[in-house]
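With numbering that gives the first Met the number 0 as the guide, the letters of the sequence shown map in order to residues 0 to 436.
Beta carbons: idealized from backbone N, C-alpha and C, even for Gly.
Computed from a prediction, not measured in an experiment: that's the story for all the values here.
These notes concern the structure reproduced below.
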Amino acid sequence: MGNVLGPANAAEIIDVLACLEYRSGELREFLDQVAQGFSRVLGVDWTVVTLIEDPQRYRIAGNSSDATDDRVFTLHGSVSSHVVEGGAPYWVNDATGTSDQAGMPDGFVAYLGVPLKVASGEVIGTVCSFDRAVRDFSDDEVAAARVFAARAAAAIDQYRVNQALLRFNAELEQEVERRTADLRNAQQQLIRRERLAAVGELAARIVHEVRSPLSTMTMALDHMHGLELPQGTRQRLSLACDEAERLRRLLAEILSFSTPGQGRKEAIDVDAFVARTLGELAQAEPPAETRNPLHKLAAAQGSHVLINPDKLRQVLINLISNAREAAPPGTPIVVTSDVVDDASTVRIRVHNQSIDAIADLERILEPFVSNKPRGTGLGLPIVRGIVEALNGSFSLTQAADGGVTAEVRLPVIHERVDAADTQVTPATAIERTLSPA
Numbered sequence: 000m001g002n003v004l005g006p007a008n009a010a011e012i013i014d015v016l017a018c019l020e021y022r023s024g025e026l027r028e029f030l031d032q033v034a035q036g037f038s039r040v041l042g043v044d045w046t047v048v049t050l051i052e053d054p055q056r057y058r059i060a061g062n063s064s065d066a067t068d069d070r071v072f073t074l075h076g077s078v079s080s081h082v083v084e085g086g087a088p089y090w091v092n093d094a095t096g097t098s099d100q101a102g103m104p105d106g107f108v109a110y111l112g113v114p115l116k117v118a119s120g121e122v123i124g125t126v127c128s129f130d131r132a133v134r135d136f137s138d139d140e141v142a143a144a145r146v147f148a149a150r151a152a153a154a155i156d157q158y159r160v161n162q163a164l165l166r167f168n169a170e171l172e173q174e175v176e177r178r179t180a181d182l183r184n185a186q187q188q189l190i191r192r193e194r195l196a197a198v199g200e201l202a203a204r205i206v207h208e209v210r211s212p213l214s215t216m217t218m219a220l221d222h223m224h225g226l227e228l229p230q231g232t233r234q235r236l237s238l239a240c241d242e243a244e245r246l247r248r249l250l251a252e253i254l255s256f257s258t259p260g261q262g263r264k265e266a267i268d269v270d271a272f273v274a275r276t277l278g279e280l281a282q283a284e285p286p287a288e289t290r291n292p293l294h295k296l297a298a299a300q301g302s303h304v305l306i307n308p309d310k311l312r313q314v315l316i317n318l319i320s321n322a323r324e325a326a327p328p329g330t331p332i333v334v335t336s337d338v339v340d341d342a343s344t345v346r347i348r349v350h351n352q353s354i355d356a357i358a359d360l361e362r363i364l365e366p367f368v369s370n371k372p373r374g375t376g377l378g379l380p381i382v383r384g385i386v387e388a389l390n391g392s393f394s395l396t397q398a399a400d401g402g403v404t405a406e407v408r409l410p411v412i413h414e415r416v417d418a419a420d421t422q423v424t425p426a427t428a429i430e431r432t433l434s435p436a
């Protein structure tokens with residue numbers, strides 16, 4: 000070998016290395032400086048820093064020329080493959096007429112390549128220099144190349160560690176945000192359930208206090224029906240009976256609202272139950288109700304949920320009744336059932352083409368809030384209470400066609416359970432929310 004590096008060359012190497020400063024996030028610029036400094040010290044025409052993409056390919060990550068080249072090249076057949084496979088420097092003083100000529104870029108005959116090794120010993124790339132003239136690379140030049148390669152490898156390793164840390168921090172931040180949102184939702188749900196529990200307890204007491212005098216009044220009104228009364232009095236009596244019946248229904252709704260999670264639970268086949276309930280509604284409804292035909296799309300694939308059958312029937316009837324009351328005559332009510340969330344959740348949706356857009360969908364889910372003249376404001380809150388008592392969710396969304404979609408989500412049970420009396424409490428809901436995934 001020739002071209003032994005003298006003191007001047009050694010000083011130049013130190014000077015170039017001293018100017019190489021890696022700043023976090025500026026890897027490409029730093030590797031360009033490594034390539035340029037390497038070309039300057041060795042006096043070669045072109046130097047590139049390459050990174051291995053996979054066992055068969057590499058890409059240029061640093062370049063001594065002004066051109067930016069991010070192309071991916073095949074290692075097979077290239078001179079760089081000797082460096083990667085051997086894990087040691089490889090050089091060609093004159094590739095003319097040799098087997099290495101085919102692996103050289105056009106116009107170049109000399110080559111010096113040094114592997115980029117991280118602390119673990121893994122080869123992650125190369126520093127490669129090419130010259131158009133025949134060279135006689137010395138031991139000192141190879142040693143200098145090793146120094147530049149070590150600086151580049153250290154910077155790349157640091158860059159990868161920084162990138163991994165940034166990804167970890169981003170994932171951690173997202174997880175914290177998700178957990179915080181889950182905690183906030185669980186806390187809001189707990190507050191809401193405690194408030195509704197207090198309302199429900201008060202409502203149950205009111206029902207108990209009102210039911211007895213109402214029964215007495217109803218008996219008296221029924222007795223008066225058997226008397227001979229003037230026509231005007233009989234009309235007033237009929238009106239009083241209608242109002243008494245309306246009050247009885249209101250008390251029944253209030254009582255249902257105050258006890259959403261009670262009742263013996265069974266494993267219910269959702270598709271079959273929805274089909275049976277819709278069939279019963281079709282048979283029982285008067286002709287006037289057929290102005291909004293029911294369409295069913297079942298795709299829950301035999302999935303079961305644990306619920307009291309009467310409660311699930313009440314959910315369906317309340318949703319269908321609300322959808323019909325808000326839909327134009329002749330438009331269909333579409334009831335669908337399917338599974339989502341990797342078959343862990345059953346989703347039941349009731350969709351109508353609403354007459355008027357609802358300004359605040361969340362507000363009408365609150366008890367005693369109604370946009371109907373004679374509505375009690377309890378139909379949808381009852382649905383919400385029943386569903387949430389089973390650790391499910393209920394929502395209303397405005398659809399693109401102007402209609403409203405009511406959506407119920409209930410957890411699927413994968414083992415058949417004949418009955419269960421256990422209720423989901425707010426504390427249980429929060430515990431489930433905060434438990435690790």
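Proximity winner among the options, relative to residue i (alpha-carbon distances)
i    : options                : result
A149 : A180, V113, Y158       : V113
F147 : A239, E25, I205, G124  : G124
A274 : I316, L249, S237, S128 : I316
F136 : E52, N92, Y158, V206   : N92
S128 : V43, Q352, I412, G225  : V43
G391 : D400, R346, V126       : R346
I267 : E242, V304, A239       : V304
V40  : L171, P229, V141       : V141
N161 : Q186, V206, E25        : E25
S343 : L377, E84, Q234, H413  : H413
L402 : R383, P104, R323, L409 : Checking the displayed sequence, the identity of residue 402 turns out to be Gly instead of Leu. Cα-wise, what sits closest to G402 is R323.
R383 : V411, Q188, A325       : Q188
S80  : D53, L280, T215        : D53
Boundaries of the beta strand (DSSP E) in which residue i is found, first to last residue
i    : result
S128 : 122-130
D268 : 265-268
I59  : 56-62
I51  : 45-53
V411 : V411 -> no beta strand (DSSP E), and no H or E assigned at all.
S343 : Run containing S343: none; DSSP gives neither H nor E here.
Terminal residues of the alpha helix (DSSP H) in which residue i lies
i    : result
A34  : 26-41
D400 : Here D400 belongs to no alpha helix (DSSP H), and DSSP marks it neither H nor E.
G378 : 378-388
S79  : 79-85
Distance CB(residue i)-CB(residue j) smaller than 8 Å
i    : j    : result
L296 : I332 : no
V314 : V269 : no
T49  : Y57  : yes
K264 : N307 : yes
L111 : W90  : yes
V349 : I381 : no
A144 : V122 : no
A443 : Q100 : This structure cannot speak to residue 443, because the chain is shown only from 0 to 436.
S394 : V338 : no
L246 : L213 : yes
A299 : S336 : yes
R131 : F107 : yes
Q352 : P328 : no
V83  : I59  : no
A154 : F29  : yes
N291 : T330 : yes
Beta-carbon contacts of residue i that lie in its chain and below 7 Å, excluding the five residues immediately before and after
i    : result
D31  : G61, N62
S77  : G102
A418 : In this predicted model, A418 has a pLDDT of only 44, less than 50, meaning its place in the structure is not dependable; the value taken from the coordinates is given anyway. R263, K264, E265, listed in sequence order.
V117 : I123, A152, D156
L171 : none
H400 : What sits at residue 400 in the sequence shown is Asp, not His. Cβ within range, chain order: Q352.
S64  : W45
T427 : Model confidence at T427 stands at a pLDDT of 37, short of 50, so the residue's coordinates are unreliable and nothing is read from them.
S98  : none
M223 : L236
Cutoff 6 Å; reference residue i; Cβ partners in own chain excluding five residues on either side
i    : result
R312 : T276
T396 : T404
R408 : T344, R346, G391, S392
G86  : P114, V122
E406 : R348, S394
Own chain partners of residue i with C-beta closer than 8 Å, once the 5 adjacent residues on each side are dropped
i    : result
L220 : L236, A239, C240, A243
R431 : Bear in mind that a pLDDT of 36 at R431, under 50, signals an unreliable position, so the number given afterwards is only what the model happens to contain. So the qualifying residues of the chain are N390.
R210 : L250
Runs of 3 residues minimum, wholly inside the segment 274-315: which ones carry the beta strand (DSSP E) assignment? Qualifying beta strand (DSSP E) stretches, in chain order: 293-298, 303-306.
Kindly provide the ranges of any alpha helix (DSSP H) runs that are 4 or more residues long and lie completely inside the segment 99-187, ordered along the chain. The segment 99-187 contains no whole alpha helix (DSSP H) run of 4 or more residues.
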